[in-house]
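Asks: Take a look at the following structure, please.
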Amino acid sequence: MREIDFDKPSQDDLVISWGKTIDKYGKEEQQEPLFKYVNESLFEKPVYKVLIEIYNNSVFKTPVCTKDVAIEGKKKELIDNFINVYTGMPVFKLGYNFLVENNLIKDDYNAFIDELYHFWFGMYSRCHRTHTQGSSGWEHVFSGEWKEDIIDGHHNWIRYYLLQKEGRIKYHGHTKVKGNVTGDIQYTWDGYLKEVGGFFMNTSPIFDFTVFTICSLPQYGNSDCNIKVDGYDIKIVSFHQKCDDGICLSTCYPS
Numbered sequence: 001m002r003e004i005d006f007d008k009p010s011q012d013d014l015v016i017s018w019g020k021t022i023d024k025y026g027k028e029e030q031q032e033p034l035f036k037y038v039n040e041s042l043f044e045k046p047v048y049k050v051l052i053e054i055y056n057n058s059v060f061k062t063p064v065c066t067k068d069v070a071i072e073g074k075k076k077e078l079i080d081n082f083i084n085v086y087t088g089m090p091v092f093k094l095g096y097n098f099l100v101e102n103n104l105i106k107d108d109y110n111a112f113i114d115e116l117y118h119f120w121f122g123m124y125s126r127c128h129r130t131h132t133q134g135s136s137g138w139e140h141v142f143s144g145e146w147k148e149d150i151i152d153g154h155h156n157w158i159r160y161y162l163l164q165k166e167g168r169i170k171y172h173g174h175t176k177v178k179g180n181v182t183g184d185i186q187y188t189w190d191g192y193l194k195e196v197g198g199f200f201m202n203t204s205p206i207f208d209f210t211v212f213t214i215c216s217l218p219q220y221g222n223s224d225c226n227i228k229v230d231g232y233d234i235k236i237v238s239f240h241q242k243c244d245d246g247i248c249l250s251t252c253y254p255s
């Protein structure tokens, strides 16, 4: 799958500065930004473009206790565009064939896309105070959320970089790294703390979306999925929860 991911950054497209190793407990001091350089011509590729369009239109509300708008109008248009572009890519089709060949899903592409839509975008609540429906798996993973005084989710390097570029991210350091594939890092976003978390680096968002789908969709429970990326052993952790559409993704991230 990695080999046919023609949308992934090249070796020169990203320059990462991991900074110093820190303790995973407690808030550390600010360091130099995580991303020293990103070749933004990447963002003209369709898989980046449709993702960034969702960010730019602010169709998801970051605080988990703020009710998200229904999937209709502009929000539905943006999500439909995302799904249409991503499910048409070779990386995703390879992932679909893997699921079919391993008898994890039936060979019914349209039914699978419908299930995928509900699985990633079905709404539920993470707000313990009011039980407001303000979250979905996609929002949690690809956009990130604020829960009380912490960052919840936020497992996508593009989202992180764009927030860093706006001056909204303060990077504190890392607890561990695996090459430039992934790492556990600490940072704040508008003052909200991510004590330890991470995401894939040097991957395209379609690679992330496909891997997370393969590793989480067939298993309606809590499970780990072990893969190898650029020679590194990576564990994909996923959790699920009940939602209006049945079972939805709660979170998924590399570890």
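Note that the UniProt record's numbering gives residue 210 to position 210 of the sequence shown, counting from 1, and the numbers run on in steps of one.
Beta carbons are placed, not taken as given, at the ideal position from N, Cα and C, and that holds for glycine.
It should be emphasised that the depicted structure is a prediction, and the values quoted were computed from it without experimental measurement.
Would DSSP call Cys127 helix, strand or coil?
Replies: If you number the sequence shown from 1, residue 127 lands on position 127. In the structure shown, Cys127 sits in coil (DSSP, three-state: anything other than H, G, I, E or B).
Asks: Going by DSSP, which residues form a beta bridge with Asp233?
Replies: The residue labelled residue 233 in the question sits at position 233 within the sequence shown. Its beta-bridge partners are Lys228.
Asks: Below 8 angstroms on the Cβ atoms is my contact criterion, and I expect Glu148 with Lys24 to pass it. Report the Cβ-Cβ distance as a whole number of Å.
Replies: As a first step, residue 148 is located in the sequence shown; it is residue number 148 there, counting from the start. As a first step, residue 24 is located in the sequence shown; it is residue number 24 there, counting from the start. Their Cβ separation, rounded to whole angstroms, is 19 angstroms, which puts Glu148 and Lys24 out of contact at 8 angstroms.
Asks: Go through its chain and collect everything with a Cβ distance to Lys93's Cβ below 7 angstroms, but skip five positions before and after it.
Replies: The count along the sequence shown starts at 1 and reaches residue 93 at position 93. The answer is none, since no qualifying residue turns up.
Asks: Quick check on Asp152: does DSSP put it in helix, strand or coil?
Replies: Translated into positions along the sequence shown, residue 152 becomes position 152. Three-state DSSP puts Asp152 in a strand.
Asks: I need the DSSP call for Phe121, collapsed to helix, strand or coil.
Replies: Reading the sequence shown from its first residue, position 121 is the one you call residue 121. Helix.
Asks: By DSSP's criteria, Ile16 is part of a beta bridge. Which residues make up the other side?
Replies: Here residue 16 is taken as the residue at index 16 of the sequence shown, counted from 1. Paired residue(s): Phe35.
Asks: Where do the ends of the alpha helix (DSSP H) carrying Val50 lie?
Replies: Here the question's residue 50 lines up with position 50 in the sequence shown. Its alpha helix (DSSP H) spans residues 46–56.
Asks: Using a threshold of 9 angstroms, state whether the C-beta atoms of Gly153 and Gly19 are closer than that.
Replies: Position 153 of the sequence shown, counted from the first residue, corresponds to residue 153. Position 19 of the sequence shown, counted from the first residue, corresponds to residue 19. Not closer than 9 angstroms, so no.
Asks: In this structure, does DSSP put Leu163 in helix, strand or coil?
Replies: Against the sequence shown, residue 163 aligns to sequence position 163. The answer is helix: DSSP assigns Leu163 an H, G or I state.
Asks: Mind checking Gly221: buried by the 16 CB within 10 Å criterion, or exposed?
Replies: Taking the first residue of the sequence shown as position 1, residue 221 is located at position 221. Confidence is the limiting factor: at Gly221 the pLDDT is only 48, short of 50, which leaves the residue's position unreliable and the question unanswerable from this model.
Asks: Return the Cβ separation of Cys127 and Gly134 in integer angstroms, given the expectation that the two are a contact with Cβ distance under 8 angstroms.
Replies: Counting from one through the sequence shown, the residue named residue 127 turns up at place 127. Counting from one through the sequence shown, the residue named residue 134 turns up at place 134. Confirmed, Cβ separation roughly 6 angstroms.
Asks: Would you kindly work out how many angstroms separate the C-alpha atoms of Leu51 and Thr175, rounded to a whole number?
Replies: Start at 1 with the first residue of the sequence shown, and residue 51 comes out as number 51. Start at 1 with the first residue of the sequence shown, and residue 175 comes out as number 175. Going from the Cα of Leu51 to the Cα of Thr175 covers about 28 angstroms.
Asks: Could you give the DSSP three-state label for Lys178: helix, strand or coil?
Replies: Taking the sequence shown and counting its residues from 1, one reaches residue 178 at position 178. In the structure shown, Lys178 sits in a strand (DSSP, three-state: E or B).
Asks: What residues match up with Glu145 in a beta bridge as DSSP calls it?
Replies: Residue 145 sits at position 145 when you count from the first residue of the sequence shown. Answer is Asp152.
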